[in-house]
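Reading through the structure tokens given below for one structure.
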Amino acid sequence: MKAHLLTIGDELLIGQTTNTNAAWLGERLSRLGLEVERTVTVGDDPDRMRDELDRSPQRAELVVLTGGLGPTHDDVTREVVADYFDAPLQTDDAILDRIRHYYERRGRQMPPSGPKLAQVPQGFETLENPVGAAVGLWHESTVGERTRLVAILPGIPEEMEGIFESSVRPRLEARDDVRGMQHRTLITSGIGESSLQERLRPVAEELGEKVRLAYLPSTNGVRLRLTALDGDSAAARDQLDRLETKIRERAGEHVIGTGDVTLEEVLGNQLRAAETTIGSAESATGGLIGHRLTGISGSSDYYAGSVVAYANRVKQDVLGVGTETLDEFGAVSEPVAVQMAEGVRQVLGVDVGVATTGIAGPTGGTEENPVGTVWLGYADAHRTRAVKRHFVEDRTLNKQLFATAALDLARREIGRKSEEEDEDWMPR
5 MKAHLLTIGD
15 ELLIGQTTNT
25 NAAWLGERLS
35 RLGLEVERTV
45 TVGDDPDRMR
55 DELDRSPQRA
65 ELVVLTGGLG
75 PTHDDVTREV
85 VADYFDAPLQ
95 TDDAILDRIR
105 HYYERRGRQM
115 PPSGPKLAQV
125 PQGFETLENP
135 VGAAVGLWHE
145 STVGERTRLV
155 AILPGIPEEM
165 EGIFESSVRP
175 RLEARDDVRG
185 MQHRTLITSG
195 IGESSLQERL
205 RPVAEELGEK
215 VRLAYLPSTN
225 GVRLRLTALD
235 GDSAAARDQL
245 DRLETKIRER
255 AGEHVIGTGD
265 VTLEEVLGNQ
275 LRAAETTIGS
285 AESATGGLIG
295 HRLTGISGSS
305 DYYAGSVVAY
315 ANRVKQDVLG
325 VGTETLDEFG
335 AVSEPVAVQM
345 AEGVRQVLGV
355 DVGVATTGIA
365 GPTGGTEENP
375 VGTVWLGYAD
385 AHRTRAVKRH
395 FVEDRTLNKQ
405 LFATAALDLA
415 RREIGRKSEE
425 EDEDWMPR
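Using the numbering used here, the letters of the sequence shown correspond one by one to residues 5 to 432.
Here's what the structure looks like:
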């Protein structure tokens, strides 16, 4: 089954709001086995919206619209859809009641525009919104000999995602015509796209016409997207199983999980299983390691906290980095990274300390330590270690990359079974 995405809103066209909905929906629909053939963004323009509604059924069985379901004057999606499908708007009293209670629970009175949210095109199903006030809409019809499915969702990402997961996804999963392909995602860490491709070259050369392998790099690592095009679901799953086995054999410890698992989740599970606590000493990352670790529910089981030692005097006074060490080697050096990791272990009373000290840029680089250089420190009760990494020249990217590299170093060291030499880590 093919799908078209239509995201609506002037704010998307002028860049005032980043269009994350299209990326999120594309990934979710592809995972279900749909082929997302087209994604279009239009402003709050009824004529453009009608043009796209005309175009979609010629090539796609499903069209998903997001945006324009709010109560304000420029939210016109509901009216355009009602007119296009010749489905007069009707007020749903149950929805109106729920919307009134939605505002009352927040100590507010329903605004005069609130009843607009309870208007539903005749013949459309409503999709409950577990997050906000505006309901989603669902419609099934036949155009010629083709099925036509239409899902209309709010533009607010949290509301759109909530309605999709609770109402749209189950409807699609129940259909027999949605299983044309199977997808699987493997999550890797500690290895860049180029190095990973080289490792997997023999596997890629054996792929047949019905199996695909894609590399999706980011500052958090490289995702491997596996696709089987076999119409038989069981056969497609078997193909993905065989491909995953070959990839794991060649990529080894770099494969950290499947689906939506994150590096910080994997590390957290390691720490919890080993009953080990960790703390971070952060200079170049400015607290990002702590931010990512505390993004996991229950991380207080193993994460004690962070010392953001950006200035040298904080490295000295709080973490115990030696003045002579800083004078001789400089802040961005192996000895300082090690002493920071050891220092945070002592200060926070944790089992493991991880540290970052580097040059995020765009200034501050030297011939010995150009912009993008980071030293990562690791310390536990048995060993200390520091590794040097080189990344890019963009400050924001470097901070993200430094944090990812530090988390991956901790993952490797905690789970280490041998003293294998580490790969250089880069997203590309």
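Ideal Cβ positions, reconstructed from N, Cα and C, are used throughout, including at glycine.
Keep in mind it's a predicted model, so treat the numbers as computed, not measured.
For residue i: DSSP bridge partner residues
{"i": "residue 4", "result": "There is no way to answer for residue 4, as the model of the chain reaches only from 5 to 432."}
{"i": "residue 144", "result": "153"}
{"i": "residue 84", "result": "Paired residue(s): none; residue 84 is not in a bridge."}
{"i": "residue 232", "result": "186, 215"}
{"i": "residue 131", "result": "140"}
{"i": "residue 8", "result": "42, 67"}
{"i": "residue 4", "result": "In this structure the chain extends from 5 to 432, so residue 4 is not present and cannot be described."}
{"i": "residue 60", "result": "DSSP, once it has assigned bridges, lists no residue as partnering residue 60."}
{"i": "residue 223", "result": "Paired residue(s): none; residue 223 is not in a bridge."}
{"i": "residue 285", "result": "311, 359"}
{"i": "residue 94", "result": "124"}
{"i": "residue 192", "result": "259"}
{"i": "residue 280", "result": "Per DSSP, none; premise fails for residue 280."}
{"i": "residue 394", "result": "377"}
8 Å contact criterion, which residue i and residue j should meet: CB distance rounded
{"i": "residue 407", "j": "residue 296", "result": "6 Å"}
{"i": "residue 216", "j": "residue 231", "result": "4 Å"}
{"i": "residue 301", "j": "residue 348", "result": "Rounded, the Cβ-Cβ distance is 23 Å, inconsistent with contact."}
{"i": "residue 357", "j": "residue 371", "result": "Not a contact, Cβ separation roughly 30 Å."}
{"i": "residue 91", "j": "residue 127", "result": "5 Å"}
{"i": "residue 418", "j": "residue 275", "result": "7 Å"}
{"i": "residue 219", "j": "residue 200", "result": "7 Å"}
{"i": "residue 54", "j": "residue 107", "result": "About 32 Å separates the two Cβ atoms, so there is no contact after all."}
{"i": "residue 123", "j": "residue 93", "result": "4 Å"}
{"i": "residue 202", "j": "residue 221", "result": "Wrong, their Cβ atoms sit about 14 Å apart, outside the cutoff."}
{"i": "residue 130", "j": "residue 101", "result": "That pair is no contact at about 13 Å."}
Residues of its chain near residue i, where Cβ-Cβ distance is below 8 Å and the 5 sequence neighbours each way are ignored
{"i": "residue 256", "result": "none"}
{"i": "residue 17", "result": "45, 46, 47"}
{"i": "residue 104", "result": "114, 118"}
{"i": "residue 150", "result": "61, 65"}
{"i": "residue 385", "result": "355"}
Candidates the options, of which the one nearest residue i by Cα
{"i": "residue 380", "options": "90, 331, 403, 221", "result": "403"}
{"i": "residue 412", "options": "306, 271, 367, 62", "result": "271"}
{"i": "residue 344", "options": "320, 76, 132, 238", "result": "320"}
{"i": "residue 6", "options": "234, 111, 359, 41", "result": "41"}
{"i": "residue 305", "options": "326, 196, 269", "result": "269"}
{"i": "residue 62", "options": "26, 78, 83, 147", "result": "147"}
{"i": "residue 86", "options": "213, 57, 125", "result": "125"}
{"i": "residue 387", "options": "397, 405, 27, 420", "result": "420"}
{"i": "residue 265", "options": "294, 60, 13, 228", "result": "228"}
{"i": "residue 241", "options": "384, 325, 185", "result": "185"}
{"i": "residue 416", "options": "233, 234, 195", "result": "195"}
{"i": "residue 225", "options": "233, 396, 405, 28", "result": "405"}
{"i": "residue 223", "options": "74, 11, 396", "result": "396"}
{"i": "residue 99", "options": "132, 237, 59, 11", "result": "132"}
Own chain residues within Cβ distance below 6 Å of residue i, not counting five before or after
{"i": "residue 364", "result": "288, 399, 402, 403"}
{"i": "residue 394", "result": "376, 377"}
{"i": "residue 170", "result": "134"}
{"i": "residue 425", "result": "Per-residue confidence for residue 425 stands at a pLDDT of 44, beneath the threshold of 50, marking its modelled position as unreliable; the derived number appears in the next sentence. Correct list: empty, nothing qualifies."}
{"i": "residue 281", "result": "306, 308, 354, 355"}
{"i": "residue 57", "result": "88"}
{"i": "residue 176", "result": "36, 182"}
{"i": "residue 30", "result": "40"}
{"i": "residue 9", "result": "26, 29, 43, 68"}
{"i": "residue 359", "result": "285, 341, 344, 345, 381"}
Sequence-distant residues of its chain with Cβ nearer than 7 Å to residue i (five each side left out)
{"i": "residue 339", "result": "329, 333"}
{"i": "residue 135", "result": "162, 163, 166"}
{"i": "residue 153", "result": "65, 66, 144"}
{"i": "residue 336", "result": "361, 362, 363, 373, 377, 379"}
{"i": "residue 80", "result": "48, 50, 72"}
{"i": "residue 314", "result": "287, 290"}
{"i": "residue 352", "result": "283, 308, 309"}
{"i": "residue 322", "result": "311, 313, 351"}
{"i": "residue 211", "result": "217"}
{"i": "residue 298", "result": "307"}
{"i": "residue 20", "result": "none"}
{"i": "residue 325", "result": "319, 340, 343, 344, 347"}
{"i": "residue 234", "result": "214, 240, 243"}
Min CB distance residue i to chain C below 8 Å
{"i": "residue 191", "result": "Protein chain content of the structure displayed is limited to a single chain, and chain C is not contained in it."}
Please determine if the region 248 to 266 and the region 188 to 207 are in contact, where contact requires at least 3 C-beta pairs separated by less than 8 Å. yes
Closer than 8 Å is the cut-off here; do at least three beta carbon pairs connect the region 119 to 130 with the region 24 to 38? no
So does the region 151 to 161 actually touch the region 134 to 141, counting three or more Cβ pairs closer than 8 Å? Yes: the two stretches touch, three or more of their Cβ pairs being nearer than 8 Å.
Take every Cβ of the region 55 to 70, pair it with every Cβ of the region 201 to 214, and state whether three or more of those distances are shorter than 8 Å. no
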